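Chemist: Taking UniProt numbering, I'd label the letters of the sequence shown as residues 1 to 380. Glycine residues also receive a C-beta, built at the ideal position from the N, C-alpha and C atoms. No experiment lies behind these values; they were computed from the predicted model shown.
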Amino acid sequence: MADKTAIRSKKTKHSRTSWSELPIDPFELILSKLSPGSILRLEAVCRPWLKAIKYISRSSPSFTCLPEQPLLLAFQDEGKDGVGFYSLEGKFYNMPKQLCDGDSICIGSSHGWLLFLSNKKQLLLLNPVSAGIQLLLPPLDTFLYSIDPVIVLQKSGRHRRQRMLKVAVSLQPTCGNKKSIGVLLMYNYHGSIGGCNCLAFCTPADNKWTKLAGQKAYVDVTSDHNGFYALNVDYSVEVWDFTNSLIPIKKPCIAKTGASDLFLVQRISSLPILPVPFIVYKLEYNNRDGTCTSGWTKVESFGNQALVLGSNQSIFVTPQEFDHENSIYFTYAPSYDTCFLCVYNLRRKNIKIVSDDLGLTGLEKQVYWLEPRFFSTVAS
């Protein structure tokens, strides 16, 4: 039998290398297997890890991490600091980050960015997930038609959105310069629903907004792969290419790029009652022999995906629950001071409430979904 005393006397050699001194290469590999939320938690572990994460974000333009499900933006009550987010499961996460001063309002979200309007005639792009990413945009008085943000801020939420209607930002930047980030804003300079909605463009490196030429009456905008899509009141779609130009250029026809399918979601009733069915159309288009044709086709399937419907940006996700595939996530407000997160299944045409009362008040409050993105530092 072995000598127990001898076994106890053996000294186990422990490495003196601390986890905080993990080399950059394996640390970057670990980060690539994590979501933005997990990376944020790693930043809080120790100062060396925080420095390493910042170094990787600055020096690795191709760095990517795992995607994360979108979060519903919910501002805290007046006088409190920060914002909170609801997950698709209806869980609330508090993020006590100071985004903007109390005189600012959020007017949109796009590809991980939030767009704020201040009372200093200033628009600000910021990413609440990656600390320090804040980009100033040209002031509003550089618009062709002046918009007074002081008046806008003093009006109701509905009146604000009649002026600053929607924002679309080109896909997430890495370590590129500010000129690689395009911002398209749909605005209403008449300040009435029947007025003309126009498009203006800028990058954070510009000193003024550029009103895009040859415009029509627009009702929606979105973006993908450095291209901007604008929906006209007659349901035709314009494509503005930002790939090789500092200002978007209108393309003569739609060119399909990868999985960039365009869908049009029509809500049958705006009344706050259940059920609230939706009709979904997909844009079918082709370019043969120099002739471009397109048209909207009614569809009843997203496949294994689900659509998260928001006021500014709608996002396709792969739901964690099988029952929620081929569905639309949306918010339902039966009264002024109650709001629920619901899922509508396209094929079965039924609705399921998936959250308790979210605590969002005001039927005219906009619904902004945020795609958590871990951005690299943007150079000047």
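From what residue to what residue does the alpha helix (DSSP H) around residue 220 run?
Modeler: Here residue 220 refers to the residue found at position 220 when the sequence shown is read from its first residue. Per DSSP, residue 220 belongs to no alpha helix (DSSP H); it is in the beta strand (DSSP E), 218-224.
Chemist: Check the C-beta distance from residue 142 over to residue 209 and give it rounded, since I have them as a contact under 8 Å.
Modeler: Numbered from its first residue, the sequence shown carries residue 142 at position 142. Numbered from its first residue, the sequence shown carries residue 209 at position 209. That belief holds up - the Cβ atoms of residue 142 and residue 209 are roughly 5 Å apart, short of 8 Å.
Chemist: Going by beta carbon distance, what residues of the same chain come within less than 8 Å of residue 181, once the five residues before and after it are set aside?
Modeler: The residue given as residue 181 occupies position 181 in the sequence shown. Within the same chain, residue 181 has close Cβ partners 125, 135, 169, 170, 173, 203, 204 and 378.
Chemist: Within the same chain, show all residues whose beta-carbon is closer than 7 Å to that of residue 228, passing over the 5 residues directly before and after it, in chain order.
Modeler: Residue numbering aside, residue 228 sits at position 228 when the sequence shown is read from its first letter. So the qualifying residues of the chain are 168, 184, 221, 240, 242 and 248.
Chemist: Rounded to whole angstroms, what's the CA-CA distance from residue 371 to residue 304? Just pull it up for me.
Modeler: The residue you call residue 371 lines up with position 371 of the sequence shown. The residue you call residue 304 lines up with position 304 of the sequence shown. Each residue's alpha carbon lies about 19 Å from the other.
Chemist: Return helix, strand or coil for residue 201, following the three-state DSSP convention.
Modeler: For the purposes of this step, residue 201 is taken as the residue at position 201 of the sequence shown. In the structure shown, residue 201 sits in a strand (DSSP, three-state: E or B).
Chemist: What does residue 196 pair with, by DSSP beta-bridge criteria?
Modeler: Counted from its first residue, the sequence shown places residue 196 at position 196. Residue 196 is not bridged to any residue.
Chemist: Residue 114 and residue 367 - do their beta-carbons sit closer together than 9 Å?
Modeler: For this step, residue 367 is matched to residue 367 along the sequence shown. For this step, residue 114 is matched to residue 114 along the sequence shown. Not a contact, by the Cβ cut-off of 9 Å.
Chemist: Considering only the beta carbon of each residue, do residue 39 and residue 65 sit closer than 9 Å?
Modeler: In the sequence shown, counting from the first residue as 1, residue 39 sits at position 39. In the sequence shown, counting from the first residue as 1, residue 65 sits at position 65. In this structure, residue 65 lies closer than 9 Å to residue 39 by Cβ.
Chemist: Identify every residue that forms a DSSP beta bridge with residue 184.
Modeler: Counting from 1 along the sequence shown, the entry for residue 184 is found at position 184. Residue pairing for residue 184: DSSP places it in a beta bridge opposite 168 and 201.
Chemist: Please report how far the alpha carbon of residue 89 lies from the alpha carbon of residue 356, in whole angstroms.
Modeler: Residue numbering aside, residue 89 sits at position 89 when the sequence shown is read from its first letter. Residue numbering aside, residue 356 sits at position 356 when the sequence shown is read from its first letter. Roughly 10 Å separates the two Cα atoms.
Chemist: Where does residue 306 sit, in a helix, a strand or coil, going by DSSP?
Modeler: Within the sequence shown, residue 306 is the residue found at index 306, counting from 1. Three-state result, residue 306: strand.
Chemist: Do you know offhand how far residue 230's Cα is from residue 31's?
Modeler: By one-based count along the sequence shown, residue 230 stands at place 230. By one-based count along the sequence shown, residue 31 stands at place 31. About 36 Å.
Chemist: Mark residue 26 as exposed unless 16 or more other C-beta atoms lie within 10 angstroms of its C-beta, in which case mark it buried.
Modeler: For the purposes of this step, residue 26 is identified with residue 26 of the sequence shown, where counting begins at 1. An exposed status is given to residue 26, since fewer than 16 other beta-carbon atoms sit within 10 Å of its beta-carbon.
Chemist: Could you give the residue range of the beta strand (DSSP E) that holds residue 267?
Modeler: Start at 1 with the first residue of the sequence shown, and residue 267 comes out as number 267. Per DSSP, residue 267 belongs to the beta strand (DSSP E) from 263-267.
Chemist: In whole angstroms, what is the alpha-carbon distance linking residue 324 and residue 36?
Modeler: Residue mapping note: residue 324 aligns to position 324 of the sequence shown, counting from 1. Residue mapping note: residue 36 aligns to position 36 of the sequence shown, counting from 1. Cα-Cα distance, rounded: 23 Å.
Chemist: Which residue marks the beginning of the beta strand (DSSP E) containing residue 109, and which one marks its end?
Modeler: For the purposes of this step, residue 109 is taken as residue 109 along the sequence shown, with counting starting at 1. Start and end: 105-110.
Chemist: If you scan the segment 311-358 from start to end, which runs of the beta strand (DSSP E) of 3 or more residues do you find wholly inside it?
Modeler: 315-317, 327-335, 338-345 and 351-353
Chemist: Run through the DSSP bridge pairs and tell me what residue 371 is partnered with.
Modeler: As a position in the sequence shown, residue 371 is number 371, starting the count at 1. None, per the DSSP bridge assignment.
Chemist: Would you call residue 33 buried or exposed, if buried means 16 or more other Cβ atoms sit within 10 Å of its Cβ?
Modeler: Taking the sequence shown and counting its residues from 1, the one referred to as residue 33 is at position 33. With fewer than 16 Cβ atoms within 10 Å of its Cβ, residue 33 is classed as exposed.
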